[in-house]
Every structure is written in C-alpha cells, then in structure tokens.
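Chemist:
Numbering (our numbering), first residue to last: 171 to 551.
1. Confirm, please, whether the CB-CB distance from residue 249 to residue 222 is below 8 Å.
2. Going by the beta-carbon positions, is the gap between residue 198 and residue 172 smaller than 8 Å?
3. Exposed or buried, which one is residue 436 when buried takes at least 16 other CB atoms within 10 Å?
4. Assign residue 228 to buried or exposed, taking buried as 16 or more other Cβ atoms, counted over all protein chains shown, within 10 Å of its Cβ.
5. Would you identify the three-state DSSP class for residue 244, choosing helix, strand or coil?
6. Should the stretch 536 to 547 be called in touch with the stretch 477 to 495, which here means at least 3 C-beta pairs below 8 Å?
7. In terms of residue numbering, what span does the beta strand (DSSP E) encompassing residue 484 cover?
8. Give the DSSP-derived three-state secondary structure of residue 466 in the structure shown.
9. Opposite residue 251 in the DSSP bridges: which residues?
10. For residue 476, tell me which candidate among 520, 217 and 528 has the shortest Cα-Cα distance.
11. What do you reckon, are the CB atoms on residue 525 and residue 442 nearer than 8 Å?
12. Going along the chain, which unbroken runs of the beta strand (DSSP E) with 3 or more residues stay wholly within the stretch 392 to 435?
13. How far does the beta strand (DSSP E) with residue 546 in it extend, from its first residue to its last?
14. Assuming the contact rule is C-beta atoms closer than 8 Å, residue 379 and residue 346 should be a hit. Round their C-beta distance to whole Å, please.
15. List the DSSP bridge partners of residue 202.
16. Within 10 angstroms of its Cβ, does residue 297 collect 16 or more other Cβ (buried), or is it exposed?
17. Looking at residue 253 and residue 260, is the spacing between their C-beta atoms short of 8 Å?
18. Taking only three categories from DSSP, how would you classify residue 511?
19. Given this structure, state the Cα-to-Cα distance separating residue 233 from residue 226, to the nearest angstrom.
20. Does the stretch 462 to 482 come close enough to the stretch 420 to 427 to have 3 or more Cβ pairs within less than 8 Å?
21. Suppose contacts are defined by Cβ-Cβ distances below 8 Å. Is residue 544 in contact with residue 480 by that definition?
22. Considering only their Cβ atoms, is the gap separating residue 220 from residue 262 smaller than 8 Å?
23. Should residue 214 go down as buried or exposed, given a rule of 16 or more other Cβ atoms within 10 Å for buried?
24. Rounded to whole angstroms, what's the CA-CA distance from residue 313 to residue 301? Just pull it up for me.
25. DSSP on residue 376, reduced to helix/strand/coil?
26. Return the first residue and the last residue of the beta strand (DSSP E) that residue 173 is part of.
27. Rounded to the nearest angstrom, how far is the Cβ of residue 438 from that of residue 549, given a contact under 8 Å?
28. Apart from the five residues just before and just after residue 535, which ones in its own chain have a Cβ nearer than 7 Å to its Cβ?
29. Evaluate residue 231 with the Cβ neighbour count: other Cβ atoms within 10 Å of its Cβ, from every protein chain shown; 16 or more gives buried, anything less gives exposed.
30. In chain order, what residues of the same chain lie with their CB nearer than 7 Å to the CB of residue 180, ignoring the 5 residues before and after it?
31. Go ahead and label residue 359 buried or exposed: buried means 16 or more other beta carbons lie within 10 angstroms of its beta carbon, across all protein chains shown.
32. Contact check, residue 405 vs residue 447 under 8 Å by CB: the rounded distance?
33. Per DSSP, which one or two residues make a beta bridge with residue 529?
34. Strictly under 8 Å for the Cβ-Cβ distance: is residue 206 near chain D by that measure?
35. When the Cα atoms are used, what is the spatial distance from residue 440 to residue 515?
36. Per DSSP, residue 534 is paired with what?
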C-alpha cells in the first residue's frame with residue numbers, strides 16, 4: 171500500500187512544486203492550505219508523513235505541530251518543517267514542538283526525496299518493532315498464564331500428597347500402637363520357637379510401619395511450615411554418635427558394621443539437633459536395610475570448602491537408575507538409597523536440610539555402593 175503524505179502550505183505554488191517532486195515516487199498526496207485545515211484533515215485521515223510550512227497566517231506550523239503531538243492518534247506522525255528561514259532559533263523551535271526534520275526553501279528535489287524516504291523508513295521500522303513487541307508481550311502473557319495454571323496444578327497435587335501423608339500417618343499410628351503393645355505382651359507368654367519367630371517378624375514389620383508413620387508426619391509438618399525448629403549450637407560429632415547409638419539400640423540384631431571417622435577437634439553447627447539427628451538416623455537405617463552379606467557403613471566428618479561435610483558410604487548395591495532420576499520426589503519409584511522402599515526417606519531428609527539451608531549430594535560410589543554427602547555451615551569456637 172502506498173504511503174500517505176500530507177503537504178501543508180498556504181502558497182499554492184509550493185504545494186505544486188512539492189507534489190511534482192513526490193510524484194516521482196508512489197506516494198498518496200493530500201493537501202492543506204492552512205493550519206486548521208491540516209488539523210481537521212488529520213482527524214479523519216491517517217498519514218505516514220507531514221510536510222509542514224512554518225510561516226502561515228492564523229495557526230502557524232509550530233502551532234499545528236503542537237496540536238498534532240497532543241493527540242495520541244497523530245503524535246507518532248513524523249513532521250518535516252518547510253521553511254525559508256535557516257536561522258538556528260527557528261530550527262530549534264521546530265524540534266522543540268515535536269518536528270523530526272526540516273527542509274529550507276527553495277527545495278532541492280534529491281534532498282527532499284531522501285529525507286522523506288528516510289523518515290518513512292524509520293516510521294515503518296518503528297511500527298514493525300512495536301508490532302513485534304506487542305506479539306512478544308502477548309506470547310509472554312500466554313506462556314505466563316500457562317505456567318501459572320501448571321504451577322497451580324502442581325500445588326494442588328503437592329497439597330494432595332501432603333494431605334494424604336497426614337491422613338495415612340494418623341490412620342496407621344492408632345491401630346499400630348495396639349499391635350505393638352499386644353506383640354510385646356505375647357512375647358512374655360509361653361510360646362514355642364516358631365511362634366517366637368513369627369512375633370519377631372511382626373515386631374520388625376510394626377517398627378517399619380511406625381517409621382513410615384513418623385516420616386510421613388515429619389514431612390507433613392515441614393511441608394506446611396508447621397514445624398518450629400529450635401536452632402542452637404550443637405556438637406556435630408555428638409549428633410553423629412547419638413544417631414549411631416540410637417540405631418544400634420533400636421536394631422540390636424543388626425549385623426551392620428558402622429565405622430565412624432570423626433576429627434579430634436569438634437565442630438559446632440547451629441541447627442535443630444532433632445531434625446539433623448533424624449536425617450542421620452534415616453540414612454543409617456536405609457543402609458541397614460539394603461547392604462550386602464557383610465554390611466558396612468562408613469561415616470566420616472571433615473571440613474571441605476568452608477563447610478562441615480558428613481559422608482555416608484555403604485557397600486550395598488548402590489542406587490537404581492529409577493532412584494537416581496527421582497531422588498527428592500515424594501512417592502518416587504525407588505528408595506532413595508537403593509532400589510526399593512517407601513520413597514519418603516530422601517524427601518524428608520531434603521526438607522529437613524532445607525530448613526537449615528544445607529545441601530545434600532547423592533550418588534553411587536564406584537563399586538562400593540551408595541554415597542551420601544551432607545554439607546552444613548559450621549561455627550568456629
């Protein structure tokens with residue numbers, strides 16, 4: 171479509187000259203012979219460029235330019251002033267009122283066509299850029315809306331998981347306490363070897379269910395920010411030793427050999443001791459469940475990169491591919507240490523460590539088995 175140019179000049183001869191020059195190009199030309207007529211024409215027609223004479227009776231070119239720049243519909247039309255004046259004050263005033271350029275009389279055809287072409291090109295490019303920005307904004311809004319919907323669905327699903335854990339945990343604990351109590355009473359009665367074995371299996375299953383329930387409650391509490399941590403300085407070596415002792419007390423028949431390598435100089439960490447102790451205990455218990463014939467778990471404590479680094483390395487089968495792909499997911503396809511299990515352990519550990527802004531790294535340690543590294547900020551004495 172041909173671009174439309176408005177020529178505004180009170181001298182008919184000037185309009186004729188400009189029209190003849192512009193006729194060399196495929197432009198649509200309109201004319202106005204005074205300032206008010208120019209403004210009225212711009213109200214009903216759209217133009218790509220205005221050639222505007224400065225010295226006109228009544229409303230001069232400065233006044234016309236000022237009025238056009240006030241109107242949002244015409245403020246982006248480039249204006250080239252036509253003037254017999256070449257003094258600097260007139261030129262500056264033209265720019266101050268909103269003009270983009272000026273041409274002095276008498277007109278040079280080549281100069282006029284070049285300036286007109288350049289300003290029309292700039293206007294086209296500006297419009298194209300605006301269109302691209304508008305399209306980009308629309309695409310960003312659409313994508314943002316899609317992400318918001320997706321995030322909302324994830325939040326709903328996450329909340330459903332949390333609610334499910336809470337309900338399951340409470341529903342399990344009540345009857346389970348009864349089962350554990352009755353099992354203890356039965357062990358004190360006269361029973362044969364087979365019955366004793368059955369009761370031991372029942373006690374082990376009950377303990378496992380209880381651990382699941384406790385883990386689920388912990389996750390629920392951490393997920394809904396209901397857990398109120400007690401952050402205090404505590405000995406990291408003591409926390410590790412306490413976790414080992416607690417495991418051995420709860421699993422007196424375990425064949426897991428635990429080797430601890432703790433530094434002579436104690437390290438203090440500012441943490442919720444119950445949460446961190448629980449993290450350590452969960453890792454030890456999982457090693458106990460999945461290690462090989464001669465089970466070993468090596469626990470070491472050292473300083474690395476200005477962090478207290480706690481490493482757990484067992485000689486079990488290591489992580490399955492499924493477990494590695496879903497390390498921190500609730501109800502993942504695999505246990506966080508190996509190939510089966512509740513799928514809650516690592517989620518709980520990760521949430522507990524998040525409370526302390528601590529990190530956890532999990533991988534297979536070559537041919538040795540599973541390797542977990544926890545990094546905590548430590549406090550110097």
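In this text, a Cβ means the ideal position worked out from N, Cα and C, and glycines have one as well.
Modeler: Per the coordinate set shown:
1. Against a cut-off of 8 Å, the Cβ pair of residue 249 and residue 222 comes out as a contact.
2. yes
3. So residue 436 ends up on the exposed side.
4. exposed
5. Residue state, collapsed to three classes: coil.
6. yes
7. 477 to 484
8. strand
9. 222 and 272
10. 528
11. yes
12. 401 to 405 and 427 to 431
13. It spans 540 to 546 - the beta strand (DSSP E) in which residue 546 sits, taken as one unbroken run.
14. That pair is a contact at about 5 Å.
15. 178
16. exposed
17. When the beta-carbon positions are compared, residue 260 and residue 253 come within less than 8 Å of each other.
18. Residue placement at residue 511 is flagged as unreliable, the pLDDT there being 40, under the threshold of 50; the coordinate-derived value follows with that caveat. The answer is coil: DSSP assigns residue 511 none of H, G, I, E or B.
19. 10 Å
20. Contact between the stretch 462 to 482 and the stretch 420 to 427 is present, because at least three Cβ pairs lie under 8 Å.
21. Residue 480 is positioned such that its CB atom lies closer than 8 Å to that of residue 544.
22. no
23. The residue in question, residue 214, is exposed, as its Cβ has fewer than 16 Cβ neighbours within 10 Å.
24. 18 Å
25. helix
26. The continuous stretches of beta strand (DSSP E) do not include residue 173, and DSSP gives it neither H nor E.
27. 4 Å
28. 483 and 541
29. buried
30. 203, 204, 223, 226 and 227
31. The residue is exposed, with fewer than 16 neighbouring Cβ atoms inside 10 Å.
32. The pair is not a contact, with the Cβ atoms about 11 Å apart (cut-off 8 Å).
33. 545
34. This model lacks chain D altogether; it includes just one protein chain.
35. 23 Å
36. 540
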